[in-house]
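These protein sequence lines map, in sequence, to chains P and H. Be aware that the first sequence starts at 128, since it is given in the numbering used here, and climbs by one per residue. Be aware that the second sequence starts at 3, since it is given in the numbering used here, and climbs by one per residue. Note that beta-carbon positions come from the ideal geometry of N, C-alpha and C, so glycine has one too. All values reported here derive from a predicted model rather than from experimental measurement. Let me begin by presenting the structure, written as structure tokens, before commenting on it.
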Amino acid sequence: MFRVLPHIILTASALLVAGCSAPGAGEFNDPYEDVNRSWHETNTIIDRGVIDPVSTAYGTVVPDPVRRGVSNVSDTLSLPGMVVNDVLQLQLGDAVHNTARFALNATLGIGGLFDPASEVGLEERESDFGETLHVWGVREGAYLVLPLYGPSTERDAAGLLVDIALDPVGHLLGTRERDLRAELKAAELADTRYRYSDLYESVLYESADSYSQMRLSYLDNRRYALGVPIVPNEGEEEQSTATYDIYEDFYE
Amino acid sequence: MSDTILGRRTLLGMMAATATYPSVAFAFSEAEASALINNAVREITTVINSGKSESQMYREFERILVSYADMPNIARSVLGPPARTASSSQMSAFTRAFQTYIADKYGARFREFIGGEITVNSTQKINSIYEVRCTANLRGEAPFAITFIVHERSEKFIDLQIEGISLLKSERAEIGAMLDKAGGNVDQLTASLS
Numbered sequence: 128m129f130r131v132l133p134h135i136i137l138t139a140s141a142l143l144v145a146g147c148s149a150p151g152a153g154e155f156n157d158p159y160e161d162v163n164r165s166w167h168e169t170n171t172i173i174d175r176g177v178i179d180p181v182s183t184a185y186g187t188v189v190p191d192p193v194r195r196g197v198s199n200v201s202d203t204l205s206l207p208g209m210v211v212n213d214v215l216q217l218q219l220g221d222a223v224h225n226t227a228r229f230a231l232n233a234t235l236g237i238g239g240l241f242d243p244a245s246e247v248g249l250e251e252r253e254s255d256f257g258e259t260l261h262v263w264g265v266r267e268g269a270y271l272v273l274p275l276y277g278p279s280t281e282r283d284a285a286g287l288l289v290d291i292a293l294d295p296v297g298h299l300l301g302t303r304e305r306d307l308r309a310e311l312k313a314a315e316l317a318d319t320r321y322r323y324s325d326l327y328e329s330v331l332y333e334s335a336d337s338y339s340q341m342r343l344s345y346l347d348n349r350r351y352a353l354g355v356p357i358v359p360n361e362g363e364e365e366q367s368t369a370t371y372d373i374y375e376d377f378y379e
Numbered sequence: 003m004s005d006t007i008l009g010r011r012t013l014l015g016m017m018a019a020t021a022t023y024p025s026v027a028f029a030f031s032e033a034e035a036s037a038l039i040n041n042a043v044r045e046i047t048t049v050i051n052s053g054k055s056e057s058q059m060y061r062e063f064e065r066i067l068v069s070y071a072d073m074p075n076i077a078r079s080v081l082g083p084p085a086r087t088a089s090s091s092q093m094s095a096f097t098r099a100f101q102t103y104i105a106d107k108y109g110a111r112f113r114e115f116i117g118g119e120i121t122v123n124s125t126q127k128i129n130s131i132y133e134v135r136c137t138a139n140l141r142g143e144a145p146f147a148i149t150f151i152v153h154e155r156s157e158k159f160i161d162l163q164i165e166g167i168s169l170l171k172s173e174r175a176e177i178g179a180m181l182d183k184a185g186g187n188v189d190q191l192t193a194s195l196s
């Protein structure tokens with residue numbers, strides 16, 4: 128903006144504005160910060176006491192290909208729900224993509240144990256009701272930390288409840304199969320926790336303020352996932368210009 | 003400074019060699035932004051696969067960081083308001099400590115990149131920055147997006163986003179929290195970084 132200004136003034140103003148652009152208290156929509164922080168504390172204690180040891184045990188005892196297979200089955204079972212959301216978002220290309228992925232992995236992939244779909248270009252294209260709400264124009268709402276589940280927003284939390292109620296596969300299953308499915312989901316989460324334990328623990332246990340780091344990472348990553356399609360160079364202009372504010376005043 | 007000159011000469015040479023850009027403009031261009039990141043990625047990949055010890059690799063990463071990223075201004079931005087009142091010797095001490103801390107912290111993450119590949123896909127100019135979009139293909143992982151933010155003023159990168167998560171913003175939050183713990187004292191913060 129002030130590119131033409133003399134160098135000395137620039138340096139001086141860079142010193143001034145660099146200060147103003149630092150994160151302030153009002154940078155996030157987080158009116159429930161006190162409650163969120165206490166849930167974050169609780170979740171961290173649960174992670175340390177239960178989730179971390181269980182995941183480590185699962186990761187150490189069960190061989191990698193088996194864990195991957197279990198995660199694939201859980202993933203395949205969640206595809207019909209994603210297709211419903213694709214349709215609700217009028218993302219018909221994604222609906223067809225995820226349907227084909229389901230068909231291929233459920234058959235050639237032996238009930239979802241293997242993932243041949245990814246090898247033929249039918250990679251995972253995630254979708255959920257939080258995204259559907261976003262597509263329908265619902266705002267993000269306040270940041271929330273949910274018990275056990277962790278970072279979310281008002282919109283995503285509402286979406287999560289709908290996804291649980293909607294669950295097309297769950298309605299076809301009996302109680303025992305539903306229990307098995309919940310166990311598969313737990314195993315998938317444990318596998319993810321184990322696979323990314325270094326990264327996860329560096330954020331959760333080595334940050335000066337892990338709450339801020341989780342909040343920032345969740346919101347940035349979620350907005351990125353919602354704003355930019357997984358196929359690159361398609362409607363990326365939609366992305367909020369606010370992302371670039373920190374760069375615009377970087378030198379000024 | 004000599005790094006920049008060398009870097010640009012290499013870039014211009016590369017561009018002339020490929021002859022994709024017949025008229026070489028003197029202003030920074032999308033092609034130069036993507037060539038900058040191409041070179042940075044190539045150097046990082048070489049170090050990762052060099053088989054050197056971790057501590058040797060971290061120092062190599064720091065050298066690459068200093069030549070391809072605008073570390074003095076990143077450090078200033080990350081420090082926030084105290085950068086205004088800090089003396090130049092405090093700032094240079096903080097910048098040095100900060101770049102070592104970054105190289106160590108993210109260098110530890112690069113272990114996951116062994117045998118992997120990062121490719122530059124596209125570069126787009128948005129106002130005064132260039133978004134250089136890359137894909138990381140790591141072994142046994144689904145591909146993920148890495149975006150470098152190159153500023154036209156410094157002709158170096160000022161941020162790195164992994165699946166939308168900005169390292170500049172993360173470090174602002176992290177250094178901000180560390181500064182609070184240091185009672186707002188920059189010297190103490192600098193000491194706690196090393």
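CB-CB length for residue i against residue j, believed under 8 Å
i             : j             : result
residue 105/H : residue 160/H : Their Cβ separation, rounded to whole angstroms, is 16 Å, which puts residue 105/H and residue 160/H out of contact at 8 Å.
residue 291/P : residue 170/H : At roughly 36 Å, the Cβ-Cβ gap does not stay under 8 Å, so residue 291/P and residue 170/H are not in contact.
residue 226/P : residue 210/P : 5 Å
residue 157/H : residue 30/H  : 5 Å
residue 123/H : residue 141/H : With a Cβ gap of about 20 Å, residue 123/H and residue 141/H do not count as contacting.
residue 150/H : residue 164/H : Not confirmed; about 11 Å, so no contact.
residue 167/H : residue 348/P : 5 Å
residue 94/P  : residue 239/P : Because chain P here runs from 128 to 379, residue 94/P falls outside it and cannot be looked at.
Per-residue burial, residue i [other beta carbons within 10 Å of its own, 16 or more giving buried]
i             : result
residue 357/P : Because the pLDDT at residue 357/P is just 29, under 50, the model does not fix this residue reliably, and the point stays unresolved.
residue 191/H : buried
residue 188/H : buried
residue 149/P : Confidence at residue 149/P is low in this model, with a pLDDT of 36, below 50, so its placement is unreliable and the value that follows should be read with caution. Buried, since its Cβ has 16 or more Cβ neighbours within 10 Å.
residue 302/P : exposed
residue 1/H   : With chain H represented from 3 up to 196, any question about residue 1/H goes unanswered, as that position is not in the structure.
residue 248/P : exposed
residue 53/H  : exposed
residue 264/P : exposed
residue 57/H  : exposed
residue 100/H : buried
residue 43/H  : buried
residue 129/H : exposed
residue 113/H : exposed
residue 91/H  : exposed
residue 186/H : exposed
residue 326/P : exposed
residue 77/P  : An answer regarding residue 77/P cannot be provided, because it is not within the stretch 128 to 379 covered by chain P.
residue 111/H : exposed
residue 26/H  : With a pLDDT of only 48 at residue 26/H, under the threshold of 50, the placement of this residue in the model should not be trusted; the figure read from the coordinates follows. It is exposed - the Cβ of residue 26/H has fewer than 16 other Cβ atoms within 10 Å.
residue 162/H : buried
residue 168/P : exposed
CB contact flag (residue i, residue j, <8 Å)
i             : j             : result
residue 278/P : residue 341/P : yes
residue 196/H : residue 184/H : no
residue 287/P : residue 257/P : yes
residue 260/P : residue 285/P : yes
residue 185/P : residue 317/P : yes
residue 116/H : residue 50/H  : yes
residue 315/P : residue 181/P : no
residue 79/H  : residue 377/P : yes
residue 84/H  : residue 181/H : yes
residue 39/H  : residue 152/H : yes
residue 60/H  : residue 118/H : no
residue 255/P : residue 212/P : yes
residue 131/H : residue 154/H : yes
residue 321/P : residue 183/P : yes
residue 251/P : residue 144/H : yes
residue 77/H  : residue 339/P : no
residue 155/P : residue 276/P : no
Three or more C-beta pairs under 8 Å: does that hold for the stretch 169 to 178 of chain P against the stretch 210 to 221 of chain P?
no
Along the stretch 217 to 233 of chain P, what residues have a CB closer than 7 Å to any CB found in chain H?
none
If contact means a Cβ-Cβ distance below 8 Å, which residues of the stretch 332 to 348 of chain P contact chain H?
334, 335, 336, 339, 340, 343, 344, 347, 348
At a CB distance below 8 Å, what residues from the stretch 148 to 176 of chain H approach chain P? Give them in sequence order.
151, 153, 155, 156, 160, 161, 163, 165, 166, 167, 168, 170, 171, 172, 174, 175, 176
Name, going along the chain, the residues of the stretch 182 to 195 of chain H whose beta-carbon falls closer than 7 Å to a beta-carbon of chain P.
183
Would you list, in chain order, the members of the stretch 93 to 118 of chain H that have their beta-carbon closer than 9 Å to a beta-carbon of chain P?
107, 110, 111, 113, 114
Taking any Cβ of chain P, which residues in the stretch 54 to 68 of chain H have a Cβ under 9 Å from it, in chain order?
none
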